[in-house]
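Per this note's numbering, the sequence shown runs over residues 92 to 584.
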Amino acid sequence: MTLPPLDLPPSTSSLVLLSSSKDSDIYLRPPSSKDLQAVFDIHSDPKTQIYNPSGPDKWETSERRLNGWLRDWREKGIGYWVVVQRQQASGSRRESERIIGFTGLKCMDLPNEEIPEPSPLAKDGVKEKMLNIYYRYTPSATGKGVASTALRLALCYSMLKFPDRTPCIFTPVDNTPSRKLAERTGFEYFRDTEWAKIPHAEFRLSEAGRTAVRAQFSLPSISPNLTTTNGHHSQSGEEGRITVPLIISRLEESDIEAGAPMMRDAFSFMLKYFFPDGEYLPEDEEAIIEFRRSQLRIALAEEERGMGRSVLLTRADTGEKVGLAVWEYPQQLAKRFKEKLIKEEGKDEEFFSKLPEYKFPPRAFYQDWSQFKKVTEFSRTDALGETPHYGLRFLTLSPSSRNLSLGSVLLGYVLREGDKVRPSSLTLPSSSGSDDDDQTLLPWYLDSTPLAVPFYERHGFKKTEATSNQGGMVILPGREAECENTRLWAMIR
């Protein structure tokens with residue numbers, strides 16, 4: 092047996108579930124065909140199959156298992172997740188990752204061939220719409236709270252996607268650890284039944300149980316203070332003490348209407364910081380929104396052309412879209428994507444040169460946009476020269492989501508994605524050290540207002556020597572006297 096030749100589409104495969112807890116080192120992602128070895132390693136271990144009547148997996152069994160998981164994701168947009176644990180070496184940017192288990196929920200209707208007995212709630216032959224839960228972990232990961240945390244994250248996502256389906260757990264009646272996990276997560280015993288003619292206990296999550304799962308991520312009463320913001324980035328303070336379940340997904344066209352106001356708020360706060368007298372504040376709010384829409388359309392077009400990436404941050408407990416990030420790839424990497432698109436999809440030069448246009452609001456500040464771009468590009472070249480690097484263009488949070496540490500979660504994800512690219516895969520200037528050294532990781536560049544500098548410094552960014560000596564970049568040369576606050580700091584990591 093072979094797995095499907097194509098994996099999940101990018102809109103699905105790029106999904107990530109995680110929490111905002113600073114102590115959490117796990118995240119969930121959909122499976123891929125590359126996970127077959129991990130599926131086999133965990134499911135062929137006799138210690139993980141004590142309560143499985145079929146016993147440990149053979150290689151073919153794991154192939155069928157993973158094939159089914161991928162089919163569920165392709166057909167339903169939901170299924171079982173891969174649980175990944177991150178581990179960072181002390182004093183290093185390098186992170187290692189290992190798969191420690193699998194968990195999630197898939198759509199299932201009752202009764203069915205494996206569970207033919209209708210439940211007491213079944214009515215006149217109408218099937219009950221359920222979400223069946225699964226979990227399996229490597230023995231070294233058990234007993235540490237990982238299973239409960241991962242299951243709650245998967246539950247939040249599933250209840251958001253399928254609010255009309257009832258989460259359930261079927262477990263062999265003698266599987267005490269599984270029963271305890273179900274009860275610990277908020278499930279209640281429902282009935283004894285049979286699965287494939289083997290006695291099982293069914294647990295269900297009631298409405299009260301759903302509320303309890305969400306309550307574990309409930310927000311305290313806080314004031315959504317606008318804090319550090321600049322023309323490209325909007326950041327929150329790091330005082331959050333609550334845990335929020337989060338979804339990181341690929342930015343889509345349908346997200347523009349939610350993303351544009353977030354960027355508008357960041358831009359308005361930046362202008363108020365730069366121009367406290369209000370002289371340059373745009374009067375037409377719709378014009379600002381349309382400007383931000385145009386920026387996001389360009390970001391999506393650039394991603395389609397392999398020039399960068401854009402992601403959306405969503406709360407898994409409420410469905411609220413709370414943040415977004417846009418970053419540029421190194422030119423050398425973008426060139427490789429371009430060559431691939433030309434070769435494999437027949438794209439031509441017109442495709443790469445034809446991008447949406449910026450729609451600038453009619454105010455004096457924008458008359459200096461081209462000059463502003465020249466200043467920041469000069470600073471970037473001065474700091475990094477021809478060295479391949481990423482450019483963080485936007486990182487923005489909604490006002491209601493600041494002071495919850497969500498900025499750190501989003502920025503951490505973005506930086507980790509960049510660190511996955513090994514410099515040896517690109518043409519680099521000569522350098523010493525192995526590809527595992529921090530010195531050979533691809534650098535990042537951004538420009539920041541003074542207010543945002545401390546946030547970025549906590550994540551390893553440093554002011555460049557040139558802007559430090561000059562007190563920052565003057566972004567409107569020749570108008571320093573009237574706009575003395577309009578300075579940005581070039582920062583690299």
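Think of the CB as a built atom: it goes at the ideal place given N, C-alpha and C, for glycine as much as any other residue. All values reported here derive from a predicted model rather than from experimental measurement.
Beta-carbon proximity of residue i to residue j, cut-off 8 angstroms
| i | j | result |
| --- | --- | --- |
| Val173 | Pro230 | no |
| Val417 | Ser110 | no |
| Ser153 | Val175 | no |
| Arg355 | Ile380 | yes |
| Asp148 | Ser135 | yes |
| Lys429 | Gly397 | yes |
| Trp164 | Leu99 | yes |
| Gly414 | Ser489 | yes |
| Gly192 | Tyr248 | no |
| Ile339 | Val402 | yes |
| Phe261 | Asn223 | yes |
| Glu47 | Arg513 | In the structure as shown, the chain begins at 92 and stops at 584. Residue 47 is therefore absent and cannot be evaluated. |
| Ala378 | Leu251 | no |
| Ser435 | Ser385 | For the sequence presented, residue 435 should be read as Glu rather than Ser. Not closer than 8 angstroms, so no. |
In DSSP terms, what residue i is bridged to
| i | result |
| --- | --- |
| Asn143 | DSSP, once it has assigned bridges, lists no residue as partnering Asn143. |
| Ile338 | Leu108 and Thr405 |
| Trp418 | Arg400 and Leu483 |
| Pro290 | Glu285 |
| Val175 | Tyr118 and Ile190 |
| Thr257 | Met221 |
| Lys197 | Asn223 |
| Ala581 | Asp538 |
| Thr262 | Ala292 |
Cβ neighbours of residue i in the same chain (closer than 7 angstroms, five flanking residues each side left out)
| i | result |
| --- | --- |
| Ser239 | Leu272, Arg275 and Thr276 |
| Gly509 | Tyr481, Leu533 and Trp535 |
| Gly146 | Gln140 |
| Thr284 | Ile206, Glu208, His291 and Glu293 |
| Glu419 | Met398, Gly399, Tyr481, Gly482 and Arg484 |
Helix, strand or coil at residue i [DSSP, three-state]
| i | result |
| --- | --- |
| Asp76 | Any answer about residue 76 is impossible in this case: the structure gives the chain only from 92 up to 584. |
| Asn494 | coil |
| Lys553 | strand |
| Val413 | strand |
| Asn223 | strand |
| Ser539 | strand |
| Lys149 | coil |
| Ile169 | coil |
| Ala213 | coil |
| Thr233 | coil |
| Pro447 | coil |
| Glu208 | coil |
| Glu279 | strand |
| Thr478 | coil |
| Leu296 | coil |
| Leu488 | strand |
| Pro100 | coil |
Residues near residue i by beta carbon distance below 6 angstroms, same chain, minus five either side
| i | result |
| --- | --- |
| Arg120 | Val107 and Val173 |
| Phe552 | Met582 and Arg584 |
| Ser102 | Arg341 |
| Leu387 | Ile347 and Gly350 |
| Ala287 | Glu205 |
| Trp160 | Pro122, Gly170 and Tyr171 |
Heavy atom of the ligand ADP within 7 angstroms of residue i beta-carbon
| i | result |
| --- | --- |
| Ala357 | This structure does not include the ligand ADP; it has no bound ligands of any sort. |
Close-in-space but distant-in-sequence residues of the same chain around residue i (CB under 8 angstroms, 5 per side omitted)
| i | result |
| --- | --- |
| Met221 | Cys198, Met199, Asp200, Leu201, Arg256, Thr257, Pro258 and Cys259 |
| Leu77 | The question about residue 77 has no answer, for the chain in this structure spans 92 to 584. |
| Ala557 | Ser470, Asp473, Ala474 and Ala581 |
Query raised in the report: So, do the region 202-209 and the region 241-258 have three or more beta carbon pairs nearer to each other than 8 angstroms?
Result: no
**Report entry** Cβ contact (3+ pairs, closer than 8 angstroms) linking the region 495-504 and the region 466-480
**Finding:** no
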